[in-house]
Each structure stands twice: as C-alpha cells, then as structure tokens.
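To keep things clear, I will list the structure first and then write my remarks on it.
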C-alpha cells in the first residue's frame, strides 16, 4: 500500500481523539518541528512504529555505515492528558538515530506511564508533571547523552525519592530547577556542577525533604530561591565564602 506523502508538514497536533487506539507513524516526516499529543485517552502505548524507522531517510557515517534518522527536525514534543498511557517504546538500535534536534519535551498528566526513551542529546527544557512512577524521569535524565539541560521542572512525581547524583554535574548549563509536589522526595544531591549558571531554584510541597544540599550556599549565580510548604525541612545551608549567594535577589522561605 502506498503511503500518503505529507513531507511538507512542520506542525502536528492530535487533540482529544478519544477513539484513537494507535498513534500513527510520524518519525519519517523530514520537516516536522512541533508535535503535540493531547487527550488521546484510549492510547496505551507509543509503539516502535511511531518512529517510522523503515521509511526514514538515511545518512552515511565516516565509517561508511548508514544511519536512519527518525524525527530529524523535531524541536518540541508535548504529551498531555493521556491517563491510560503506560509505555513509550525506545528506538535504541544499531543504525538508528532518534530526536537529534529535540530541545523541548513536556509530559503532563500521564499518570500510568512507566517507560520512556533515553536518547535526547540536545534537550534544553524538560517538564514532567503528575505521574506516579519515577522511572520515565529516571530513564531520561540518567542518560549519559543528556548534557544540555537549561530548564528542568519536576512536578507531582509520587514515587520520586531522590534525584540522579550526576544530573547537575552533567548539565552544567542548568539555569532553572523547579521541584513541586514531589511528596516523597527526601534527597537532593550536590548542586556544585551547575553552580556557574543556576539562577532560579524553586522547591514547593516536598514534605519528606529535611535538608538542602550542603553546597547550596556556594551558588554564586543564584538570583532567586523559593522554598515553600516543605513542612519537614530542618536545614538550609548558610552561604560560604565571599561569593556565596552573591547574586541572590529574591529569597522566599
């Protein structure tokens, strides 16, 4: 069967398609830059076919091998209001590159999701909100390829107890960190890796959090610190050294 050619599409929104049971193959579209999937309440899995690997264009590497590129131009991917989505298949396989240009990823109100890909080499903004399992978040941020984050927002992840230890070391350009309603979050690792660029830190409704990282007081680029409704918080490190919190303009505790 001949495929319908939609090669000039650069934006797609699939919204409130309640009877849709399978997300169509989209990864082969060469110009697609923006994709929004919202309210697809009957979808249980984002399958491997979504990437359209067999129909993707290929490029030759230096070693002579060919690489197929899925979603070659996609910059922004939004997945929202999909309460029955449990799986997002990975496309990690030899000779395949996925999301090489993706900069913005937002996953919101997909409470049953338990898996997600981990190949986002250019990701700058990550927003994950209202999800039971912390596994999708862990898969994404634990990847050794993820080193470009500028903005990270983690909101309402019920099973999250701690953040990956080397997250901040790998993403030293991180400028904004938002932790909201992660009610079981008990530990935040050292922040020293992003000390040069972190400008805003917000922590709200994290009741299990008892102390903040020791090196918080040494963040010389931090301009705004907001800590609200963390009812069991006992320790906030005092600024250390001449440069400790020297850029702070807003403090809300």
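In our numbering, the protein residues as written are 4 to 256. Beta carbons are placed, not taken as given, at the ideal position from N, Cα and C, and that holds for glycine.
{"Query": "Cross-strand partners of residue 72 (DSSP beta bridge)", "Result": "100"}
{"Query": "Whole-angstrom C-beta distance between residue 151 and residue 127, which should lie under 8 Å", "Result": "6 Å"}
{"Query": "Assigned exposure category for residue 100 - 16 Cβ within 10 Å defines buried", "Result": "buried"}
{"Query": "Residue 170, enclosing alpha helix (DSSP H) - first and last residue", "Result": "170-173"}
{"Query": "Residue closest to residue 193, alpha-carbon to alpha-carbon, out of 220, 182, 210", "Result": "220"}
{"Query": "Contact belief for residue 196 with residue 172 at Cβ below 8 Å, rounded distance in angstroms", "Result": "3 Å"}
{"Query": "Residue 187 (DSSP reduced to helix, strand or coil)", "Result": "coil"}
{"Query": "Delimiting residues of the alpha helix (DSSP H) encompassing residue 142", "Result": "138-144"}
{"Query": "Selection from 212, 33, 104 that minimises the alpha carbon distance to residue 10", "Result": "33"}
{"Query": "Contacts around residue 239, its chain only, beta-carbon distance under 6 Å, and the 5 residues preceding and following it disregarded", "Result": "215"}
{"Query": "Length of the line joining the Cα atoms of residue 76 and residue 228", "Result": "36 Å"}
{"Query": "For residue 225, the nearest candidate out of 251, 206, 205 (CA to CA)", "Result": "251"}
{"Query": "CA-to-CA distance, residue 46 to residue 25, given in whole angstroms", "Result": "6 Å"}
{"Query": "Residue 148 to residue 254 span [Cα, whole Å]", "Result": "34 Å"}
{"Query": "For residue 159, the three-state DSSP class (helix, strand or coil)", "Result": "strand"}
{"Query": "Short Cβ contact (8 Å threshold) for residue 53 with residue 35", "Result": "no"}
{"Query": "Identity of the residues DSSP links to residue 206 by a beta bridge", "Result": "182, 230"}
{"Query": "Opposing strand residues paired with residue 255 [DSSP bridges]", "Result": "229"}
{"Query": "Local conformation of residue 52 per DSSP, three classes", "Result": "helix"}
{"Query": "Separation of residue 98 from residue 20, as counted between CA atoms", "Result": "33 Å"}
{"Query": "Beta-carbon spacing of residue 48, residue 90 below 8 Å", "Result": "yes"}
{"Query": "Residue 126 (DSSP reduced to helix, strand or coil)", "Result": "coil"}
{"Query": "Of the listed residues 50, 73, 68, 51, nearest to residue 60 (C-alpha basis)", "Result": "73"}
{"Query": "Residue span of the beta strand (DSSP E) that contains residue 39, given as start and end", "Result": "37-41"}
{"Query": "Chain-order list of residues whose beta-carbon lies under 7 Å from that of residue 162 (same chain, five-residue window excluded)", "Result": "135, 136, 137, 187"}
{"Query": "Buried versus exposed call for residue 120 [16 or more other C-beta atoms within 10 Å across all chains shown]", "Result": "buried"}
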